[in-house]
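A.B. asks: In the working numbering, the protein residues as written are 5 to 296.
For every residue, glycine included, the Cβ atom is placed at its ideal position computed from N, Cα and C.
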């Protein structure tokens, strides 16, 4: 297992972690500058933040600061109520692949979607089997284009609490089954983003992480699961403040061949999004070295 205690070269900050500071939205350009000022050399930005800042401007800033990406958030959300919606999802994912390529991301992370309309409380249908079929077909179509431009796709299984509204792929095993179906030769173009917050509870996690191997483990996200959790979406904990055995999990991930960044992704309406970005970054760096 790598020794992370001496430096931060394998630390990446998912920009959601810093998108709100002291309760206010912060521009992506400022977040990038804050990371660079603290010696963090990798980020994973969100598409809406990139769109607000301008794709070309973000690329120039990253190059000027010699920063790299650990991933790009996000593609996915394939299911739809009708054929026009399915086509629109494929078009949007093609744009996401192009953006990821323009920013030289190592992968595009896919949050695959679930029952269309459920996020707004008005699901168009209730069949999770249908949603999973549309996800499978959508990833297959996106993969064909992704191969042509050389942009790997990373399926992120989400905790079952989000099966209805955000992702109907909820275990690492399920994600890997889909990878094996669509990319049986393990080409490195289709894999997984393993997020500790979403997967820590899974009794099959060690075995499935080993099954994934180097070719499938495209991204690794960390934070912590708080007890009690006050909000199932926006109350993620700083590493070391919760119950996830993070060093054990990283041991499994690295034993399987992963040697990339540990990407900190924290959504925290009541805590970290109320703090100064510099404070949050300082503690991310400290915990990356001591508990990740």
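By how many angstroms is the C-alpha of residue 279 removed from the C-alpha of residue 188?
C.D. replies: The alpha-carbon atoms of residue 188 and residue 279 are separated by roughly 45 Å.
A.B. asks: When you compare each of 113, 291, 271 to residue 25 by their alpha carbons, which one comes out closest?
C.D. replies: Cα-wise, what sits closest to residue 25 is 271.
A.B. asks: Taking just the CA atoms, how far does residue 70 sit from residue 265?
C.D. replies: In a straight line, the C-alpha of residue 265 is about 16 Å away from that of residue 70.
A.B. asks: Between residue 225 and the rest of its own chain, which residues show a CB-CB distance below 6 Å, the 5 nearest in sequence each way excluded?
C.D. replies: 199, 267, 269.
A.B. asks: Do residue 62 and residue 4 come within 8 Å of each other at the CB atom, strictly closer than that value?
C.D. replies: Given a span of 5 to 296 for the chain in the structure shown, any question on residue 4 remains unanswerable.
A.B. asks: In whole angstroms, what separates the C-alpha of residue 41 from that of residue 155?
C.D. replies: For residue 41 and residue 155, the distance between alpha carbons rounds to 29 Å.
A.B. asks: Check for me: the alpha helix (DSSP H) holding residue 201 runs from which residue to which?
C.D. replies: Residue 201 -> alpha helix (DSSP H) spans 200-203.
A.B. asks: Whether or not the stretch 81-98 and the stretch 141-152 are in contact is what I'm after, with contact meaning three or more pairs of Cβ atoms, one per stretch, closer than 8 Å; do they touch?
C.D. replies: Touching, yes, given that three or more Cβ pairs across the two stretches are closer than 8 Å.
A.B. asks: Kindly give me the distance between the Cβ atoms of residue 173 and residue 139, rounded to whole angstroms, as I take these residues to be in contact under 8 Å.
C.D. replies: The Cβ separation is near 7 Å, so the contact holds.
A.B. asks: What are the start and end residues of each continuous alpha helix (DSSP H) run of 4 or more residues lying completely inside the stretch 121-206, in chain order?
C.D. replies: Here the runs fully enclosed are 132-153, 176-186, 200-203.
A.B. asks: Consult DSSP for residue 9 and reduce its assignment to one of helix, strand or coil.
C.D. replies: Coil at residue 9, not helix or strand.
A.B. asks: Please identify the residue among 192, 150, 215, 129 whose C-alpha is closest to the C-alpha of residue 374.
C.D. replies: As displayed, the chain neither begins before 5 nor continues past 296, which places residue 374 out of reach and without an answer.
A.B. asks: Taking only three categories from DSSP, how would you classify residue 118?
C.D. replies: In this structure, residue 118 counts as coil in the three-state DSSP scheme.
A.B. asks: Taking all protein chains shown into account, do 16 or more other C-beta atoms lie within 10 angstroms of the C-beta of residue 231, making it buried, or fewer, making it exposed?
C.D. replies: Its Cβ having fewer than 16 others within 10 Å, residue 231 is exposed.
A.B. asks: Note down, in chain order, each residue of its chain lying with its Cβ closer than 8 Å to the Cβ of residue 121, except the 5 sequence neighbours on either side.
C.D. replies: For residue 121, where only same-chain residues beyond five positions count, the Cβ hits under 8 Å are 85, 127, 128.
A.B. asks: Going by the beta-carbon positions, is the gap between residue 22 and residue 281 smaller than 8 Å?
C.D. replies: Yes, the pair counts as a contact, with Cβ atoms nearer than the cut-off.
A.B. asks: Can you list, in chain order, the residues of its chain with a C-beta nearer than 8 Å to that of residue 51? Leave out the 5 residues immediately preceding and following it.
C.D. replies: Result list for residue 51: 76, 77, 78, 100, 103, in chain order.
A.B. asks: Give a yes or no on whether the C-beta atoms belonging to residue 206 and residue 175 are separated by under 8 Å.
C.D. replies: Yes; because the gap between Cβ atoms is below 8 Å, this pair is in contact.
A.B. asks: Could you spell out the range, first to last residue, of the beta strand (DSSP E) harbouring residue 78?
C.D. replies: Where residue 78 is concerned, the enclosing beta strand (DSSP E) stretches over 76-80.
A.B. asks: Strictly by DSSP, which residues pair up with residue 47?
C.D. replies: BP columns for residue 47 point to 17, 73.
A.B. asks: Return the bridge partner residues of residue 224 from the DSSP annotation.
C.D. replies: For residue 224, which the question treats as bridged, DSSP gives the partners 198.
A.B. asks: So what does residue 112 bridge to, in DSSP terms?
C.D. replies: DSSP lists 76, 157 as partners of residue 112.
A.B. asks: Can you name the residues that DSSP bridges to residue 288?
C.D. replies: The partner list for residue 288 (beta bridge, DSSP) is empty, contrary to what the question assumes.
A.B. asks: Please report the distance separating the alpha-carbon of residue 259 from that of residue 87.
C.D. replies: Whole-angstrom Cα-Cα distance: 43 Å.
A.B. asks: Thinking C-alpha only, which one of 289, 211, 170, 192 is nearest residue 255?
C.D. replies: It is 211 whose Cα lies nearest to the Cα of residue 255.
A.B. asks: Going by beta carbon distance, what residues of the same chain come within less than 6 Å of residue 248, once the five residues before and after it are set aside?
C.D. replies: Taken in chain order, the residues that qualify are 200, 204, 228, 229.
A.B. asks: For a test of the three-state rule: what should DSSP assign to residue 249, helix, strand or coil?
C.D. replies: Looking at residue 249 - three-state DSSP - the assignment turns out to be coil, as it is neither helix nor strand.
A.B. asks: Verify whether the separation of the beta carbon atoms of residue 33 and residue 72 is less than 8 Å.
C.D. replies: No; because the gap between Cβ atoms is not below 8 Å, this pair is not in contact.
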